[in-house]
Structures are given as structure tokens and as C-alpha cells.
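K.L.:
My questions all concern the structure below.
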Amino acid sequence: MTDNQRLWLAIALCLAYCAWVGFIIVSHYARQRERRHVTTGAFIVAYASQTGTAKQLAEYQAELLESDRPVKVIALNDLAIDTLRKANDALFVVSTYGDGEPPDNGRRFYRALQQHNKQHNTALLQSLSYQVIALGDSQYPAFCAFGELLDVALQQSGATAIAELEKIDRAQSQPLPGDASQSAESSFKASTWRVTEQQQLNSADGRELFMVTLDAEQALPAWQAGDILDIQPHNANTAIAEWLNKHELNPDTVIAVEGTPTPLKLVLQTRQLTDLAGAGNKEQHILNMPLLPLRSYSIASVPEEGQLKLMVRKQYHPDGTPGIGSGWLTTYAGSEEPFCANVKDNPLCHIAQLDVPLVLIGAGSGLAGIRAQLAKRYYANSDADIWLIYGEQSPQLDNVIPAAIEAWQMGFAGLKIQQAYSRGEPGQYVQDVMVAAADELQNIIARGAHIYVCGSHQGMGQAVHQAFTDILGEDALMQLIDEQRYHRDTY
Numbered sequence: 095m096t097d098n099q100r101l102w103l104a105i106a107l108c109l110a111y112c113a114w115v116g117f118i119i120v121s122h123y124a125r126q127r128e129r130r131h132v133t134t135g136a137f138i139v140a141y142a143s144q145t146g147t148a149k150q151l152a153e154y155q156a157e158l159l160e161s162d163r164p165v166k167v168i169a170l171n172d173l174a175i176d177t178l179r180k181a182n183d184a185l186f187v188v189s190t191y192g193d194g195e196p197p198d199n200g201r202r203f204y205r206a207l208q209q210h211n212k213q214h215n216t217a218l219l220q221s222l223s224y225q226v227i228a229l230g231d232s233q234y235p236a237f238c239a240f241g242e243l244l245d246v247a248l249q250q251s252g253a254t255a256i257a258e259l260e261k262i263d264r265a266q267s268q269p270l271p272g273d274a275s276q277s278a279e280s281s282f283k284a285s286t287w288r289v290t291e292q293q294q295l296n297s298a299d300g301r302e303l304f305m306v307t308l309d310a311e312q313a314l315p316a317w318q319a320g321d322i323l324d325i326q327p328h329n330a331n332t333a334i335a336e337w338l339n340k341h342e343l344n345p346d347t348v349i350a351v352e353g354t355p356t357p358l359k360l361v362l363q364t365r366q367l368t369d370l371a372g373a374g375n376k377e378q379h380i381l382n383m384p385l386l387p388l389r390s391y392s393i394a395s396v397p398e399e400g401q402l403k404l405m406v407r408k409q410y411h412p413d414g415t416p417g418i419g420s421g422w423l424t425t426y427a428g429s430e431e432p433f434c435a436n437v438k439d440n441p442l443c444h445i446a447q448l449d450v451p452l453v454l455i456g457a458g459s460g461l462a463g464i465r466a467q468l469a470k471r472y473y474a475n476s477d478a479d480i481w482l483i484y485g486e487q488s489p490q491l492d493n494v495i496p497a498a499i500e501a502w503q504m505g506f507a508g509l510k511i512q513q514a515y516s517r518g519e520p521g522q523y524v525q526d527v528m529v530a531a532a533d534e535l536q537n538i539i540a541r542g543a544h545i546y547v548c549g550s551h552q553g554m555g556q557a558v559h560q561a562f563t564d565i566l567g568e569d570a571l572m573q574l575i576d577e578q579r580y581h582r583d584t585y
């Protein structure tokens with residue numbers, strides 16, 4: 095296989111997940127259009143998305159619907175209930191945040207709809223026919239929880255569901271036959287990349303933190319601080335070799351992937367290596383093996399740097415082998431092996447105002463998003479105050495900030511850095527720093543500061559949110575969310 099063919103194979107594999115999701119939406123709505131009475135007026139496609147995936151799918155669905163009638167794509171928070179009351183048809187594409195919460199750009203709408211349902215018995219949305227498509231990951235306990243809540247609230251308001259709630263499970267994504275990937279290509283801008291550097295930032299065994307540098311095979315795509323990179327990881331070559339040896343298969347055997355003759359060892363790069371025992375048609379079984387799940391990472395750089403950087407915490411399986419995504423990026427990926435990735439727009443974490451103070455809070459690999467926000471202000475020559483609160487475990491083993499941002503510190507006269515180490519003296523977390531500096535936080539927020547939080551939602555993200563609730567009060571914090579001054583890049 096030529097290098098060019100390898101690149102196209104990488105693109106095709108990455109598009110498979112996007113095509114699968116698009117196919118579900120398209121096929122379902124094609125069936126529904128045949129059943130329902132055709133009405134006039136704009137079709138509303140509303141989305142609620144914390145990391146941009148639901149927004150992408152909503153925009154893709156809108157392109158398909160526009161051939162029949164005008165379509166209005168809108169964030170759920172920007173959709174007035176009175177506008178929805180006058181509408182005939184709507185599609186809601188929503189994800190779930192945290193422990194079953196609405197994404198930040200759907201929270202206000204859902205609160206208003208709930209409030210109406212509690213205060214009024216009238217069927218406010220009785221003219222509306224709708225469907226909810228919920229995105230989620232069944233590996234988490236609150237799988238599609240907000241989609242379920244929204245579906246119930248819409249029915250309580252008198253709206254008519256044209257179909258049952260559709261749940262799309264990211265963990266069970268499958269490639270599609272035929273040209274489905276081509277139909278999705280215009281909406282999902284996949285590109286191919288190579289890892290050029292893997293720099294370990296700390297010296298802690300078992301929880302290594304890496305700065306990973308990527309170069310694009312094509313022109314560098316556009317992105318902003320706050321955006322996300324979805325990658326299609328590969329299996330380790332050793333794992334592929336062991337699987338081939340177990341099943342007594344030749345790695346150079348050629349099989350057709352979407353009409354392209356491809357060596358078996360390359361086909362297996364992105365497949366879950368399931369057992370072939372009892373498989374009749376081994377080739378077809380291999381083609382039907384699920385793709386490795388996509389992995390998402392906050393981007394740690396800005397385009398002005400000429401490279402895309404990630405910060406990756408190396409994860410391990412119980413048997414000691416590296417995790418799928420982190421193992422690929424930090425250990426197995428070499429500069430000679432292209433892989434597919436997609437830059438995902440994450441508008442909730444875009445901070446356009448560069449002349450106001452900025453509070454950055456994160457822990458561990460959450461330094462990625464923090465670094466990108468700092469880089470954005472550095473290249474914009476912003477002189478606004480920046481307050482960085484960052485948490486790690488050990489001051490001796492995890493002092494990672496100097497390697498990540500030291501070269502920029504002189505560029506920010508108003509940069510203040512506070513670090514919290516859970517195994518330091520005294521042991522503390524970022525939320526402890528926040529509580530101790532509550533008055534100062536209130537002051538900088540009163541001056542118009544934006545807040546950006548990046549890192550694990552379980553633990554750090556939840557604790558930071560609770561600390562802000564205690565310091566500011568729940569109503570004031572909800573107002574910051576509504577004003578888009580509280581940006582949560584937690585996962």
C-alpha cells in the first residue's frame with residue numbers, strides 16, 4: 095500500500111463514526127417525514143452541547159432538511175419558548191453534561207420550560223411535533239439523562255413526540271457500508287496527522303503527563319483556544335502481531351476496505367481485536383469488528399504556534415497495559431504512522447473578550463486548555479490580569495508548569511500563579527485555594543472576569559463548581575453561565 099493510500103484509509107476510518115451518527119439521524123427522519131403531515135414554516139433544529147458534538151450533528155441534520163423547507167439552527171438557550179410555541183416542527187439534538195445536567199447552552203431554556211410546566215396547566219406547545227436525539231456514552235451512569243429529561247418536559251408542555259427518544263451511544267459507534275462516509279465529509283472535517291514529539295512533563299511513574307505535538311498532513315486546520323481534537327487511536331503493533339499469530343493469519347493478506355485493497359495488518363490498526371473463534375467468513379468478521387472508540391482531548395496550543403499540541407495523562411488498564419488513546423499518543427504513535435483526527439469547534443469555551451481579567455482553574459491534563467487560553471492572550475498582546483490556579487499531586491514530581499508555560503510568563507505583567515498539591519505541605523486542592531481567596535475571587539469577577547475551568551469533571555470540576563456556588567451563590571453563578579463568562583471544559 096502506498097503512503098497516499100494509507101492517508102486515505104486513515105481519513106475513511108475516522109469518518110466512519112461521524113457517518114454512523116449521521117446515518118441514524120437521516121434514516122430516522124426520512125421515515126418520519128413519510129408519516130407526518132407536511133407543514134409550512136421553518137423547521138427548528140435546536141442543540142445543547144457542552145463540547146460541540148451535538149452542535150455539529152444539528153448543523154449536519156439541518157443541511158439535509160433544507161432541501162424540503164427553511165431550517166433554523168439555534169442553541170437551546172437562544173430559543174425563546176414563545177418562538178417554539180408558534181412552531182410546528184422541531185428537532186432537539188442534545189448531549190448530557192456531568193451527572194445528568196443540561197449543557198451550559200441548554201440550562202436556561204430547560205429551567206424556563208420546567209418553570210412553565212410547574213406554574214401553568216395549559217398545553218403551551220400543543221402545536222409542536224418534535225423529536226429528541228440524545229447523545230451520550232453508555233460507559234457513564236448518566237447516559238443520555240438530559241435527553242430523557244427534555245423529552246418528558248416537552249411532553250408535559252403539550253408537544254407531540256413523532257418518535258421515541260433516539261439515543262446515540264458514542265461507545266458503540268460502527269462504520270457503515272457504502273458511501274455514508276462521503277455524505278458526512280462536508281460536515282466533519284477530518285484530517286490526517288503524525289506525532290512529532292512526546293515530551294514527558296513530570297517524573298511520576300504510573301501517572302505520566304505528556305505534551306504531545308502533532309503535525310497535519312494537509313494545511314493546518316483552523317481552531318481556537320477552547321477547541322477539542324477527536325482522534326482515532328490505533329492498536330499497538332505488538333498487539334496486532336500477537337492477534338495475527340494467535341489466529342494464524344498472514345499480516346500481508348490483502349482484503350478490500352471500501353473497495354481499496356489493504357493489507358490485513360493495516361485494517362487491524364483501528365479495529366477492536368475480537369476473537370475469530372467460530373467465525374465462518376473470517377474476512378467479513380474482520381471488516382465487521384468495531385472501530386476503536388474515538389478519544390477527545392482539549393487542544394493545548396493556538397494556530398499561531400504552527401503546531402497542534404495536546405497534554406495527555408497516560409492511563410493504564412488493570413493488567414498494566416496503556417490505555418487506548420493515551421497509550422497510542424504517548425507510547426506507540428510514531429512519526430511514520432499517520433492517523434485520523436477531527437478538530438471540533440467548542441464555542442462554549444471560546445473567550446472573545448481579551449481586555450478583561452481571566453481566571454484559569456485546572457488540574458492534571460486540564461493544563462492543556464489553560465495553556466491554549468494563555469497562548470491566545472500572549473499572541474494578542476493582551477495585558478489584562480490573569481489568575482491561574484492549578485492542581486497536581488506532588489510538588490517534587492509534578493511541577494509541570496515551568497515546562498509548559500515558563501517561556502511566556504514574562505509576557506504577562508499581570509499573571510498570578512497559585513499551585514495546589516494534594517500531597518504537598520499542606521495538602522490542598524484547587525477548590526481549597528479558591529475558598530481561601532474567596533474575597534479576591536469575588537472582586538475579580540465583579541471587574542468582569544471570565545472563568546475557564548479545564549480538567550476532570552469527576553472530582554475537580556464538581557468541587558470547583560461547588561466552591562463557586564458557595565462563594566458567589568447559585569443565582570450569581572447561573573447568571574455567569576447565562577452571560578457566557580463561566581466556561582467549563584471538563585470531561
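When we follow the numbering used here, the leftmost residue of the sequence shown carries the number 95, and every step to the right adds one.
Every residue, glycine too, gets a C-beta built ideally from N, C-alpha and C.
So, at 8 Å on beta carbons, what are the nonlocal neighbours of residue 528 in its own chain, with the 5 sequence-adjacent residues on each side left out?
P.N.:
Around residue 528: 455, 483, 535, 558, 561, 562, 565.
K.L.:
What is the DSSP secondary structure of residue 552, reduced to helix, strand or coil?
P.N.:
Of the three classes helix, strand and coil, the one that applies to residue 552 here is helix, per DSSP.
K.L.:
Specify the secondary structure class of residue 95 as computed by DSSP and reduced to three states.
P.N.:
Confidence in residue 95 is poor, its pLDDT being 46 and thus under 50, which makes the residue's placement unreliable; the coordinate value appears in the next sentence. Correct three-state label for residue 95: coil.
K.L.:
Examine the ligand NAD and report whether any of its heavy atoms sits within less than 7 Å of the Cβ of residue 198.
P.N.:
Absence of the ligand NAD is noted for the structure shown, with no ligands found whatsoever.
K.L.:
Taking Cβ to Cβ, would you say residue 176 is nearer than 8 Å to residue 137?
P.N.:
No, they are not a contact pair.
K.L.:
Mark residue 143 as exposed unless 16 or more other C-beta atoms lie within 10 angstroms of its C-beta, in which case mark it buried.
P.N.:
Buried, by the Cβ-count rule.
K.L.:
Counting along the chain, where does the beta strand (DSSP E) carrying residue 285 start and finish?
P.N.:
284 to 294 is the extent of the beta strand (DSSP E) around residue 285.
K.L.:
Quick one: residues in its chain with C-beta nearer than 8 Å to the C-beta of residue 291, no 5 flanking neighbours on either side, listed in chain order?
P.N.:
Cβ neighbours of residue 291 beyond the five flanking positions: 305, 306, 307.
K.L.:
Rounded to whole angstroms, how far is the Cβ of residue 149 from the Cβ of residue 321, which I believe are closer than 8 Å?
P.N.:
Contact flag wrong, Cβ pair sits at about 12 Å.
K.L.:
Unbroken beta strand (DSSP E) runs of length 3 or more, entirely within the segment 508 to 553: which are they?
P.N.:
If we require 3 residues or more, the beta strand (DSSP E) runs fully inside the segment 508 to 553 come out as 509 to 515, 544 to 549.
K.L.:
Whole angstroms is fine: what's the gap from residue 173's alpha carbon to residue 219's?
P.N.:
Taking the straight line joining both Cα atoms gives about 13 Å.
K.L.:
Can you tell me which of the three DSSP states residue 460 falls into?
P.N.:
Reduced to three states, the DSSP call for residue 460 is helix.
K.L.:
Please determine if the segment 375 to 388 and the segment 309 to 318 are in contact, where contact requires at least 3 C-beta pairs separated by less than 8 Å.
P.N.:
Touching, no.
K.L.:
Any contact of the segment 500 to 507 with the segment 463 to 481, i.e. 3+ C-beta pairs under 8 Å?
P.N.:
Cβ pair count under 8 Å is three or more, so yes.
K.L.:
Can you check DSSP and say which residues form a bridge with residue 324?
P.N.:
Paired residues: 390, 436.
K.L.:
Keeping to the same chain, check which residues put their C-beta closer than 6 Å to that of residue 451; ignore five residues upstream and five downstream.
P.N.:
If we look at residue 451 and ignore the five residues flanking it on each side, its Cβ neighbours are 478, 479, 538, 541, 543.
K.L.:
First and last residue of the alpha helix (DSSP H) that includes residue 177?
P.N.:
Where residue 177 is concerned, the enclosing alpha helix (DSSP H) stretches over 175 to 179.
K.L.:
If you draw a straight line from the C-alpha of residue 169 to the C-alpha of residue 335, how long is it?
P.N.:
Each residue's Cα considered, the two are about 47 Å apart.
K.L.:
Helix, strand or coil: which one does DSSP assign to residue 202?
P.N.:
Residue 202 falls in the helix class under three-state DSSP.
K.L.:
Using DSSP's beta-bridge definition, name the partner residues of residue 479.
P.N.:
Its beta-bridge partners do not exist; DSSP assigns none.
K.L.:
I need the straight-line Cα distance from residue 632 to residue 432, nearest angstrom please.
P.N.:
Because the chain here runs from 95 to 585, residue 632 falls outside it and cannot be looked at.
K.L.:
Going along the chain, which residues of its own chain have a beta-carbon closer than 6 Å to the beta-carbon of residue 580, five neighbours each way excluded?
P.N.:
Excluding residues within five positions, the ones whose Cβ falls inside 6 Å are 545, 574.
K.L.:
On the three-pair Cβ rule with 8 Å, is the segment 294 to 305 touching the segment 487 to 494?
P.N.:
Yes, the segment 294 to 305 touches the segment 487 to 494.
K.L.:
Counting along the chain, where does the beta strand (DSSP E) carrying residue 225 start and finish?
P.N.:
Looking at the DSSP string, the run of the beta strand (DSSP E) that includes residue 225 is 223 to 230.
K.L.:
Once the 5 residues before and after residue 407 are set aside, which same chain residues still bring their CB inside 7 Å of it?
P.N.:
Answer for residue 407: 301, 303, 420, 458, 459, listed in chain order.
K.L.:
Considering only DSSP beta bridges, list what residue 137 is partnered with.
P.N.:
In DSSP, residue 137 forms a bridge with 165.
K.L.:
Where does the unbroken beta strand (DSSP E) through residue 308 begin, and where does it stop?
P.N.:
First-last of the beta strand (DSSP E) with residue 308: 303 to 310.
K.L.:
Spatial neighbours of residue 400 within its chain, please: C-beta separation below 8 Å, excluding the five flanking residues on both sides.
P.N.:
Around residue 400: 314.
K.L.:
Cα-Cα, which of 187, 376, 206 is closest to residue 226?
P.N.:
Of the listed residues, the one whose Cα sits closest to residue 226 is 187.
K.L.:
Less than 8 Å between the CB atoms is what I'm expecting for residue 465 and residue 394, so what's the real figure, rounded?
P.N.:
Yes, they are in contact, since the Cβ atoms of residue 465 and residue 394 sit about 5 Å apart, within 8 Å.
K.L.:
Please report the residue range of the alpha helix (DSSP H) in which residue 403 lies.
P.N.:
Not the alpha helix (DSSP H): residue 403 falls in the beta strand (DSSP E), residues 402 to 407.
K.L.:
In the DSSP output, which residue or residues are listed as bridge partners for residue 261?
P.N.:
Partner(s): 228.
K.L.:
Looking at residue 436 and residue 526, is the spacing between their C-beta atoms short of 8 Å?
P.N.:
Against a cut-off of 8 Å, the Cβ pair of residue 436 and residue 526 comes out as no contact.
K.L.:
Just to confirm the assignment, what range does the alpha helix (DSSP H) spanning residue 349 have?
P.N.:
Not the alpha helix (DSSP H): residue 349 falls in the beta strand (DSSP E), residues 348 to 351.
K.L.:
Tell me, to the nearest whole angstrom, how far the beta carbon of residue 434 is from that of residue 286; I am working on the premise that it is less than 8 Å.
P.N.:
Between residue 286 and residue 434 the Cβ distance is about 6 Å, and since that is below 8 Å, they are a contact.
K.L.:
Does the distance from the CB of residue 462 to the CB of residue 402 come in under 8 Å?
P.N.:
For residue 462 and residue 402, no; Cβs fall outside 8 Å.
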